[in-house]
Structure formats: C-alpha cells, structure tokens
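Engineer: First to last, the sequence lines map onto chains A and B.
So the first sequence is numbered by the working numbering: it starts at 31 and just counts up by one.
So the second sequence is numbered by the working numbering: it starts at 126 and just counts up by one.
Each residue gets a CB set at the ideal place from its N, CA and C atoms; glycine is no exception.
Computed from a prediction, not measured in an experiment: that's the story for all the values here.
Have a look at this one before I ask anything.
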Amino acid sequence: MDQVLFGAVPYILIVTAIVGTIWRFTTNKYSWSSQSSQFLENRTLFFGSFPWHYGIISILVAHIVVFFIPGVLLAWNGAPIRLYIFELIGAALGFLALFGLLALIYRRITNARVKALTTSWDVLLLIILIIQVVTGLGNAIFYRWGSNWYAAAAVPWMWSIIKLNPNVDFVKSLPLNTKVHIFNAMIFIGFIPFSRLVHFVVINPYKYLVRPYQVVRWYHRNPKTENVVQYK
Amino acid sequence: MDIRAQLSMSFHMDKCIGCHTCSVSCKNVWTTRRGAEYMWWNNVETRPGTGYPLTWEDQERYRGGWEVSGGNLRLKLLKGPGKIRTLANIFFQPNLPTVDDYYEPFTFDYQNLFNAPAGDDQPVARPKSLITGEFMEKIVLGPNWDDDMAGSPLYASNDPNLKGLSDSQKEMLTKFHKLFFFYLPRICNHCLNPACVASCPSGALYKRGEDGIVLLDQDTCRAWRFCVSACPFKKPYYNWATGKSEKCIFCYPRTETGQANACAHACTGRIRFVGVLFYDADRIEEVAKTPDERLVEAMREIILDPRDPRVQEEARKAGIDENWITAAQESPAFNLFKKWRIAMPNHPEFRTLPMNFYLPPLSPILHNAKADGGGTFDPVSTEFFNEIDKMRVPVRFLANMLSAGNEQVVIESLKKQMAVRLYIRQQRVGDVGDSAVKNALSQVGLTPQDCEDIYRLLSLGTFQERFVIPETHREHLSTVDPRTMYEKRGTVGFGGKKREIITGRQW
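What follows is the structure, given as structure tokens:
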C-alpha cells in the first residue's frame, strides 16, 4: 500500500501538475488567475485573505528552504530550546493560516454573492487546504519531532522521488497524521493546473518592481512592449 | 521631441440634455454581458451630485491618481515610497470600491406578470439580483440614482466639488431660485499619464502608441484590481464573473476604420467632438508635476500645433501616417482645447493628464436682489458680459471640477463663449451694437473669424466636422493577423473560453 501511495502515485500527480500547467498556460492563458471576489464582499475577506496568505506563504517558504538544506535544520534543532522556538513559530504561523482559511470558508458559505460564484473546484480546493493545514498543525502540536521528521524523513524521500529511485522506507513508519499530510501535499500539487491555484505560478509582479510606470505597445514598430517615459 | 498622436473627445456641456443615449448605446454595444451589467463605460452624471460610483472624486477615500512628493511623481495608492507597498496589498486592497458603491445589478421577474394566478391584486415584477439570482428586498442604488436631483441635501450636498464654496453659493442646494444642475458625461479619459497603467502589477494595461487609446490585455490581467483603485475617474471596472478588469476601449474597432465612437455617434445633442492631438511624450512627467495653478496651461503647452511645419516634419519622422497629420490640422479637439482655449480637462489635479475636454456650461447671471424679487436681467447690459463670475453656476464649482481650482481658466472660457453669443446676436438681431461686440471680442482675444468658426463647430457642426477620425493603417502593422475575417469570428471580444460567460447565465 505504502509502495503505491508514496512510490507510484506521486509520479502521476507530479506529471499531471507539470503537463497540466503547461497545457493550461498555452491553451487558456485567459483563465490564469485566482478570481477575486473582493469586489462583492470585502469585510470578511480582510480577516481571511491577509492572515491566510501571509501565514501559508511563510510556511511554504520554510518547507522549500529546508527541502534544499535539511542538514541546517537538523543542526538547529539539535538543542531542545531551539527546536521549541522553531516549532512554536511554525505553529503560530499555522494558526494564522488556519484562522484565515476558516474565515474564507465561512465567507464562502454565508455570503450569498460569493456563494453564487463558488464552483465545485473551489469547494474541493478548500477541503484539500483545510486537511493540509490541520494535519500540519497536528504534526507541530502532537509530535515534538515534526520538523525533524520533515528534514530527516520527508525530504530524503522527496529527493528519492526526484532521483527516480523512490525509497518508501523513509516515510513508511511515520504516524498516520503525518502520512496524510505528505500524501495530501502531493494531491495539492496535482491539483494546481485544474484550479485557481495557478495564481501563485506567476512572474509578472516581480517585473513590476523594476519596470517604469508607463507601458506603451506599438503595433507599427514591434509587437513587444515598449516604455513611454523613463521614470520609475 | 517625441511626437505621438492621441485621439481625444470633447464635450460641450452646455448642450448636454442628460438623455443618456450615449450610455445606452455604449451599454448595448459593449457591456451587456454577465459580470458587466453594472458597468457603464460611458455614464452621464448630474452635477452637483454624487456621481457613479458614489463620490468617485473623493481621493481621500479611493486614493486614485498621482501626487507630487519630494519633487517626484508617485501613485497616491502607494502611500509610501516605492512600489513594494503596492505588492504588499496584493491579497487585499484597502481602497477598492465594492459593488455596493456602484449598485447591485438587477433585472425584474417579468414572467410573473404573465404567469401569476388570477387574483384580486395586480401581479408585480419583483427585482432580482443578477449576481445571486435571488429576489431583492428593494433596489437601493442605480447608475444614475441622483439623476436630475439638483439641490438634494441627500445627494448633491455630497459632491466633492463643493469644497471652497461660500455659504451663499451653497444656497443653490436649498433655495429654489438659485437651484441649478447640469450634466457631466464621462468616458475613460485615455490619459497621457494613466494611473491604471502605472499601478498594474502584471502589465496588462497599456497605452497604444499609434492612437493613445488605453487598453487592458485580458489574457495578462490577473484580477489584482489595482487599476480600479488607482484610476481617479473609476473607469476601469472589475468583471466579477470573469475575474478580469475591463474599461472603455474608445470603440477602437470603430475609430480604426474612421467611424465615430458609439457614444459620440449616438449623441442626440451633438455635444461630442472627436479629433487627433499631437503631443510631446518627453514632457509628460514634467507637465504632470506642474503646480495646480498652472496645470491646465501646462497641458495646453504639451499639445503641439499640427499646422506648424516643424511639428509636421517631426511627426513624419516619428512615423505618424500622412492622413493622421492631415486630420490633426482639422481636429476639433485641438481647436477647442488649444487654439480657442475654451475646453478644459476633467480634474487635471489628479495629474493623469486626461485627454478628454469639457466646455463649461453657461448659465444665467444672478442678480440677487432682482432675482429674489422675481426680476429678470437685460441681455444687452454690460453686466451680462462683465459679471460672468456671478453666474448661477458658481465659477468656483466649475473650477474645482475642470481646472484644478484655477478660476481664471474657467472665466476665460465662459467669456469667450459669451462673446461668440454677442457676436452672433449682433449679426442676427442687431441690438448689441458693433462697438460692444468689438469690445467684447478684444477683451477675450477672439477674432470675428474665430467667432464664426466656434459658432460653426458648436452649433451647426456636421458629422464630418465634429468627428475627424483618421483611419489606422493596419496594412503595415507588424502584428497583422493572417486569418481571414471569417476565420476570426468569435475570437475577439470579452470573455474567456467558458461558454457560460459568452452566453450569460439565464436566471
């Protein structure tokens, strides 16, 4: 069972994510965004969107950093006090994200206008996210070694997947909660091309910081974007 | 010098009767889709009034437009130095108007009129929300909610342009004999320094180099809605169904083929004029930083005279087509704004350098004592001309709206319009006196020929005189689409590939 779930299924989901994302970007660039509903409701959204995004982005960035340098985290966690600090910060950010997510779910259920625009993909996505956040918090609260497990078990397993030599032994003996967290993360990745999740695969905003304010497009001269005034 | 061409629309507010034909033709052509029901790319507001969306001119609330800070031009939206602040608000925008600031789009349950069972009462068509599809308790706001409601303490008194008016001038809101209102038709201004373009993190908004039309690339738009917040005129609209912003496109499919815009074409009062302007793009930043007092004057300076051979030479060098250079010389926009100096931009103090111009409306001169006693005024008296600042519509009010508070700019335009009237009256009726007319003309600096031309354009102007729109030369564009028109059917326009968006949900 573990062999299938953590040895084969990840490949299916990762390939789906990559192929699907490229397919959607090339064939339906128009749909490439997370359809904002702030225009219809903006009071609850404030308490949902801000905590959710800042909480989840910090945690995601931590996961990605440790993915590349697991040894540093293991060394940091060597002293119990430092482990506690790390776990506490993680849990605090997790609760921030959970609070935001609950506010967003509440908003989708109670506001008639937002409800009218909610698709089944949105519902499915919210279910995946709440599972991910709750199991993540479970790891942080109930298992002292949550972050160490990520660095010592999940990261080597992920690298083994990437190196096309899946080694399920790394994750086999983890508790059920942690396994759900890992497997759900895979589903999350596979879900990217089919949902509003594509909105975080963007590069434009970084360009905004360096481009001049004004944008002019010339059809006479060349099809590329040219800038009108050289001030920033 | 970096010469560029700009299509510009002018509005003769004196002739606007507020019939909304422009709004309706625009709506029928562009915004009858799901998610766009609430959008009025062209709308007509009653002034004094709150406008659409509510109090859009109040930039303390919406933080649209630009401000000069420490010698630099920056978006008001940013509130601090640097663009990073913009990106920090990407998950939630504090200054975004919501649908309740416009109005909840609705339809009526007309079927009930036919299907209601026989009963003692007349069946009614209850309003239904076009967003949720549910019945609405009552309609609380619409695109022209305060239409013709001059003097209403509920609506008109909230007009942001009333700031700086004296108490006696504000009596126009409450005293019947001082009451006035006029109409303000608005489309996107296709600014030279557009705040919407400058605020878009994904670079979806752009100004077209050839004709200056500001457009929004629907494929690049990521629903971040900064354009809606940053535009001080609130002319980009967020389509809540497609998750894309949309805005007035100056009917470019029509203007490219030399046809007048749908709104301008439909105008029954013939108040609209469309023409080409040449401007110097190198000076945009400098002009946008000009102090309020000189702002309109600086905007007139950035517009170049297309009859000047040197300007024509530069324009040719810049790749502007010959028919555009010819059209620019006949341009009503150039004549009204720069040559005769009787038109002015709407809210230049937002510093976007708007490229639509308005002729302020004339109104009766108020003689307090006389009017209070029910008296009238003498049209040939010298006061009629000299006391133009005692007009029923306070000059201060017009100046707040059209010239960043500089009353002289408004008075100049009003006096010129009045001088033309005197000139024509002397021709037709002959009771003004030649010397009085001569005096009036020399005071405002118009020649008899100017008067004839102004009269001709504003009163009699034919279709060809009001709309001097050169065709765009698509044949040498670098992005010519090789497909035939037949193959392109259904591939342009708004909306994505979702069928539902194109056809609309049926409630």
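(1) In this structure, how does DSSP classify Pro235/A when only helix, strand and coil are distinguished?
(2) Step through the CB atoms of chain A and report whether any lies within less than 7 Å of the CB of Phe217/B.
(3) Decide if the segment 134–144 of chain A is in contact with the segment 66–76 of chain A; the criterion is three or more beta carbon pairs, one per stretch, under 8 Å apart.
(4) Any residues in the segment 338–359 of chain B with a beta carbon nearer than 9 Å to a beta carbon of chain A? Which ones, in chain order?
(5) Any idea if Leu198/B is buried or exposed, counting beta-carbon neighbours within 10 angstroms, 16 or more meaning buried?
(6) Short of 7 Å in beta carbon distance, which residues of its chain neighbour Glu532/B, apart from the five on each side in sequence? Order them along the chain.
(7) First and last residue of the beta strand (DSSP E) that includes Gly400/B?
(8) For Thr382/B, is the classification buried or exposed, using 16 other Cβ atoms within 10 angstroms of its Cβ as the cut-off for buried?
(9) Check Gln384/B in the structure and name its three-state DSSP category.
(10) Roughly how many angstroms lie between the CA atoms of Phe224/A and His83/A, to the nearest whole one?
(11) Is Phe233/B helix, strand or coil by DSSP?
(12) How would you call Gln162/A, buried or exposed, if buried means at least 16 neighbouring beta carbons within 10 angstroms?
(13) Which residues in chain B sit within 9 Å of Phe76/A, going by Cβ to Cβ distance?
(14) Strictly below 8 Å CB to CB, what residues from chain B border Phe125/A?
(15) What is the residue span of the beta strand (DSSP E) that Phe98/A lies within?
(16) Pull up the DSSP beta-bridge partners for Glu371/B, would you.
(17) Report yes or no: is there a C-beta of chain B within less than 7 Å of the C-beta of Ala109/A?
(18) Would you decide whether Thr140/A is buried or exposed? Buried here means 16 or more other CB atoms lie within 10 Å of its CB.
(19) Is the shortest distance between the beta-carbon of Tyr243/A and the beta-carbons of chain B less than 7 Å?
(20) On the DSSP bridge assignment, give the partners of His137/B in chain order.
(21) Among Pro479/B, Ser584/B, Glu590/B, Thr572/B, which residue has its Cα nearest to the Cα of Cys313/B?
(22) At a Cβ threshold of 7 Å, is Ala413/B touching chain A?
(23) Using CA coordinates, which residue listed in Tyr580/B, Leu221/B, Ile594/B is at the minimum distance from Cys321/B?
(24) Are the beta-carbon atoms of Arg591/B and Phe398/B separated by less than 7 Å?
(25) Is there contact here, the segment 383–398 of chain B with the segment 128–144 of chain B, by at least three beta-carbon pairs under 8 Å?
(26) Counting pairs of Cβ atoms below 8 Å between the segment 166–179 of chain A and the segment 116–126 of chain A, do you hit three or more?
(27) Can you give the Cα-Cα distance for Trp151/A and Asn195/A, rounded to whole angstroms?
(28) Between the segment 404–424 of chain B and the segment 166–173 of chain B, do three or more beta carbon pairs fall short of 8 Å?
(29) Helix, strand or coil for Leu330/B, going by three-state DSSP, please let me know.
(30) Considering only residues of the segment 165–219 of chain A, which uninterrupted alpha helix (DSSP H) runs meet the minimum length of 4 residues and lie entirely inside it, listed in chain order?
(31) Please list, in chain order, all residues of the same chain as Ala391/B whose beta carbon is under 7 Å from its beta carbon, the five residues on each side excluded.
(32) Scan the segment 111–156 of chain A and note each continuous alpha helix (DSSP H) run of 4 residues or more that stays entirely inside, going in chain order.
(33) Any contact between the segment 239–251 of chain B and the segment 363–372 of chain B? By contact I mean 3 or more CB pairs, one from each, below 8 Å.
(34) Name, in chain order, the residues that DSSP records as bridge partners for Pro121/B.
(35) Between Asn169/A, Gly85/A, Gln244/A, which lies nearest to Phe129/A when the distance is taken from Cα to Cα?
(36) Spell out the partners DSSP gives Ala458/B in its beta bridges.
Structural biologist: In this structure, then:
(1) helix
(2) yes
(3) With the rule of 3 Cβ pairs closer than 8 Å, the segment 134–144 of chain A counts as touching the segment 66–76 of chain A.
(4) Here the close residues are Leu340, Asp342, Gln343, Asp344, Thr345, Cys346, Arg347, Ala348, Trp349, Arg350, Val353.
(5) buried
(6) Val520, Arg521, Ala524
(7) 397–405 is the span of the beta strand (DSSP E), which, as asked, contains Gly400/B.
(8) exposed
(9) coil
(10) 20 Å
(11) strand
(12) buried
(13) Phe217, Pro219
(14) The contacting residues do not exist; Phe125/A stays about 18 Å from chain B at best.
(15) For Phe98/A, no beta strand (DSSP E) segment is defined; the enclosing uninterrupted segment is the alpha helix (DSSP H) at 73–98.
(16) Tyr362/B
(17) Output row for Ala109/A: interface = no.
(18) exposed
(19) yes
(20) Leu484/B
(21) Residue Pro479/B is the option with its Cα nearest to Cys313/B.
(22) no
(23) When each option's Cα is compared against that of Cys321/B, the closest is Leu221/B.
(24) Yes; because the gap between Cβ atoms is below 7 Å, this pair is in contact.
(25) yes
(26) yes
(27) Across the structure, Trp151/A and Asn195/A are spaced so that their CA atoms are roughly 33 Å apart.
(28) Of all C-beta pairs linking the segment 404–424 of chain B to the segment 166–173 of chain B, fewer than three are shorter than 8 Å, placing the two stretches out of contact.
(29) strand
(30) 176–179, 185–192, 199–202
(31) The answer, listed in chain order, is Thr146, Cys147, Ser150.
(32) As far as the segment 111–156 of chain A is concerned, its whole alpha helix (DSSP H) runs of at least 4 residues are 142–147.
(33) Flag = no, the segment 239–251 of chain B and the segment 363–372 of chain B do not touch.
(34) Residue coverage of chain B in this structure runs from 126 to 632, which leaves residue 121/B outside it and unanswerable.
(35) Gly85/A
(36) Looking at the DSSP output, Ala458/B shares a beta bridge with no other residue.
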